[in-house]
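Numbering (the numbering used here), first residue to last: 1 to 400.
Even for Gly, the Cβ is constructed at its ideal location relative to N, Cα and C.
Here the structure is a predicted model, which means the values were calculated and not measured.
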Ligand code: GLV
Ligand code: MN
Ligand code: MN
């Protein structure tokens with residue numbers, strides 16, 4: 001499976017993946033998913049929100065067990081974030097068939113659309129729409145960096161945007177969703193374990209800071225006469241680091257837009273996107289409030305206008321305790337495996353769906369912890385351990 005998937009959307013310049021929603025690379029990933037489903041005799045469909053499903057058994061029977069993840073990537077992302085969960089889902093089905101397992105519940109394999117939000121700025125668009133956590137009106141307003149809206153991008157890719165919307169009937173047929181994911185930190189590496197079970201996802205969000213100053217000549221404008229939004233932005237980046245350190249949280253400005261973006265022009269606009277996450281809501285509020293306060297002070301001192309817009313937010317997710325305990329019980333029967341329970345600062349479709357259906361996650365060791373980078377990695381024997389653990393879980397939940 002990897003041999004066919006690895007070249008898709010890979011930049012030869014960076015070695016990273018550029019699989020953005022509703023682009024050619026995304027279409028190739030979707031074609032790969034269909035081929036994998038067909039090779040296994042699974043029925044497959046794309047739902048009203050662009051999520052892909054493959055089914056063993058009839059989902060209309062209800063109480064389905066679903067596994068999978070996403071195939072899209074961040075800009076220059078790694079090979080594993082997302083795809084490991086989808087590849088492992090198909091591989092776990094192969095493993096179960098090899099074991100001669102008999103399914104008593106429908107099994108679904110899912111590829112959620114636009115999990116990373118790299119193109120339209122909002123993460124987990126497919127699962128949010130399905131869960132009703134994103135309204136159709138909000139989805140229609142999503143626009144990429146070239147001014148293309150989500151509906152137009154879907155249309156260009158051959159999909160009907162008029163079908164977008166909540167899908168409670170689909171969710172009602174699912175009894176459990178288990179997402180396997182490469183770990184995006186080093187907890188398993190440090191504890192010496194191959195596999196972990198997720199406890200919770202930190203609350204997290206994205207905020208857009210627009211600093212508007214005055215464009216002017218870089219050579220002739222006296223420093224005292226400038227209204228330079230880059231200075232306010234730079235001070236805000238430093239404030240983000242300070243506030244995050246004080247609260248034991250994280251805060252990142254990883255994306256920036258500058259206008260007019262000329263070497264010899266003081267910018268008229270600097271637009272920076274803040275991603276901030278913390279273990280609890282109070283800490284996150286403290287961090288973001290502190291950053292915004294510092295930004296306003298610096299902007300005022302430089303005669304720069306500032307607008308701050310919260311573009312997305314996901315509250316803390318505590319995964320379903322009964323399902324989590326069930327996973328721990330199933331994997332607890334394995335004498336060769338110790339399976340710690342860990343929290344994460346990364347967002348996932350499983351977190352979005354956890355509001356509506358019982359969800360759980362399995363993590364596979366990442367020896368460096370690096371993620372959202374071409375250097376993201378998981379060793380082959382750990383990936384195999386992940387497939388075996390997922391097969392065990394699916395067998396325990398869905399087979400006799
Ligand atoms: C998704 O991977 C996120 O946590 O931003
Ligand atoms: Mn990711
Ligand atoms: Mn992911």
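Measuring only the C-alpha atoms, how far is residue i from residue j?
i           : j           : result
residue 122 : residue 26  : 17 Å
residue 264 : residue 217 : 7 Å
residue 87  : residue 383 : 10 Å
residue 377 : residue 222 : 50 Å
residue 12  : residue 28  : 17 Å
residue 260 : residue 204 : 31 Å
residue 327 : residue 16  : 33 Å
residue 209 : residue 274 : 8 Å
residue 182 : residue 84  : 7 Å
residue 237 : residue 211 : 13 Å
residue 10  : residue 74  : 12 Å
residue 294 : residue 267 : 20 Å
residue 197 : residue 315 : 20 Å
residue 347 : residue 202 : 8 Å
residue 289 : residue 253 : 15 Å
residue 220 : residue 228 : 14 Å
residue 139 : residue 125 : 8 Å
residue 332 : residue 325 : 10 Å
residue 319 : residue 329 : 16 Å
residue 246 : residue 162 : 46 Å
residue 262 : residue 269 : 12 Å
residue 59  : residue 46  : 14 Å
residue 117 : residue 214 : 31 Å
residue 291 : residue 127 : 30 Å
residue 336 : residue 298 : 56 Å
residue 5   : residue 42  : 19 Å
residue 381 : residue 155 : 41 Å
residue 96  : residue 355 : 29 Å
residue 141 : residue 148 : 10 Å
residue 357 : residue 300 : 47 Å
Determine the extent of the beta strand (DSSP E) in which residue i is found, giving its start and end residues.
i           : result
residue 206 : 204-212
residue 348 : Element bounds for residue 348: n/a, residue is neither H nor E.
residue 179 : 174-182
residue 253 : 250-259
residue 311 : 305-314
residue 73  : Premise fails: residue 73 is in no beta strand (DSSP E) and is neither H nor E.
residue 273 : 269-277
residue 44  : 43-46
residue 232 : It is not in any beta strand (DSSP E) - residue 232 instead sits in the alpha helix (DSSP H) that spans 229-247.
residue 375 : No beta strand (DSSP E) holds residue 375; DSSP gives it neither H nor E.
Would you mind stating whether residue i and residue j have Cβ atoms separated by less than 7 Å?
i           : j           : result
residue 350 : residue 179 : yes
residue 250 : residue 206 : no
residue 157 : residue 22  : yes
residue 62  : residue 173 : yes
residue 244 : residue 308 : no
residue 65  : residue 397 : yes
residue 374 : residue 69  : no
residue 102 : residue 400 : yes
residue 150 : residue 120 : yes
residue 371 : residue 184 : yes
residue 3   : residue 387 : no
residue 338 : residue 193 : yes
residue 24  : residue 186 : no
residue 98  : residue 55  : no
residue 195 : residue 322 : no
How close, in whole Å, do the beta carbons of residue i and residue j come, if the pair is a contact with beta carbons under 8 Å?
i           : j           : result
residue 114 : residue 72  : 6 Å
residue 53  : residue 136 : Not a contact, Cβ separation roughly 20 Å.
residue 57  : residue 7   : Contact doesn't hold; Cβ gap of about 32 Å is too wide.
residue 104 : residue 394 : The Cβ separation is near 11 Å, so there is no contact.
residue 317 : residue 176 : At roughly 16 Å, the Cβ-Cβ gap does not stay under 8 Å, so residue 317 and residue 176 are not in contact.
residue 225 : residue 367 : Wrong, their Cβ atoms sit about 53 Å apart, outside the cutoff.
residue 271 : residue 256 : 7 Å
residue 40  : residue 93  : 6 Å
residue 153 : residue 144 : 7 Å
Identify the continuous alpha helix (DSSP H) that holds residue i and give its terminal residues.
i           : result
residue 1   : Element bounds for residue 1: n/a, residue is neither H nor E.
residue 150 : 150-156
residue 190 : 187-191
residue 68  : From DSSP, residue 68 is part of no alpha helix (DSSP H) but of the beta strand (DSSP E) over 64-70.
residue 85  : 83-99
residue 330 : 321-332
residue 125 : 125-131
residue 164 : No alpha helix (DSSP H) holds residue 164; DSSP gives it neither H nor E.
residue 22  : Premise fails: residue 22 is in no alpha helix (DSSP H) and is neither H nor E.
Quick check: is the beta carbon of residue i nearer than 7 Å to any beta carbon in chain D?
i           : result
residue 132 : Absent from the structure: chain D. Only one protein chain is present.
Worksheet item: Touching or not, the stretch 224-233 and the stretch 281-288, by the rule of three or more beta carbon pairs under 8 Å?
Response: Between the stretch 224-233 and the stretch 281-288, the count of Cβ pairs shorter than 8 Å is below three; the stretches do not touch.
Item to complete: May I ask you to verify whether the stretch 125-134 touches the stretch 162-175, counting CB pairs closer than 8 Å and requiring at least 3?
Response: In short, these stretches touch, since the Cβ pair count reaches three.
Discussion item. For the stretch 28-48 against the stretch 363-379, do three or more pairs of beta-carbon atoms, one drawn from each stretch, fall closer than 8 Å, so that the two count as touching?
Written reply: Result no; under three Cβ-Cβ pairs closer than 8 Å.
Item to complete: Could you tell me whether the stretch 290-309 touches the stretch 336-352, where touching means 3 or more Cβ pairs closer than 8 Å?
Response: Segments in contact, no.
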